[in-house]
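Accompanying notes for the structure given below.
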Amino acid sequence: MSRIMVVDDDPDFCEAMRMVLAAAGHLAETASNGAQAVALALQSPPDLIILDIMMQGPLDGLDAAHTLENSIALRHIPVIMVSSIADTYLAGLFPTDEHLPTDAWFSKPVPPDRLLASVERLLAARSA
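Sequential numbering of the sequence shown, starting at 1, is according to this note's numbering.
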């Protein structure tokens with residue numbers, strides 16, 4: 001059983017992802033912002049992180065992803081980035097030439113079958 005952290009300020013999204021992951025045999029824990037996610041990951045590193053890009057709080061998803069990437073203790077954890085703004089005018093608020101430290105990307109609503117396929121692929125690559 002893999003431990004997967006779902007990071008999103010939308011509790012409904014977190015619960016939906018928890019149910020999808022649990023049905024596939026994974027243990028999902030949640031964090032509501034990037035700072036909480038980094039703190040929890042430092043205490044007990046998950047096997048994979050699903051991270052929303054836009055969240056309220058001291059660290060949004062983009063900042064949290066860079067923090068994870070720059071941490072020797074956490075940079076090995078695969079990150080799947082999710083966003084509800086990718087196909088909206090708000091996408092222009094994010095620089096397109098910036099490095100995104102992510103292993104996969106999904107627009108919300110996230111298709112559960114595609115998400116689980118990415119989760120399994122990334123977990124298998126990590127253990128290889």
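No residue lacks a Cβ here, since even glycine has one placed at the ideal position from N, Cα and C. Note that the structure is predicted; figures quoted are calculated from it, not measured.
Uninterrupted alpha helix (DSSP H) stretches at least 4 residues long and entirely within the stretch 43 to 123 occur at 61 to 70, given in chain order. Of the candidates I49, L27 and H26, I49 places its Cα closest to the Cα of A37. For A31, the uninterrupted beta strand (DSSP E) run begins and ends at L27 to A31, by DSSP. Counting along the chain, the unbroken alpha helix (DSSP H) around M19 starts and ends at P11 to A23.
The beta carbon of G25 lies closer than 7 Å to those of M1 in the same chain, with the five residues before and after it left out.
DSSP places M1 outside any beta strand (DSSP E), giving it a letter other than H or E.
Per the C-alpha coordinates, the member of A16, P101 and M17 positioned closest to H76 is P101. About 5 Å separates the beta carbon of S32 from that of D9, a gap short enough to meet the 8 Å contact definition.
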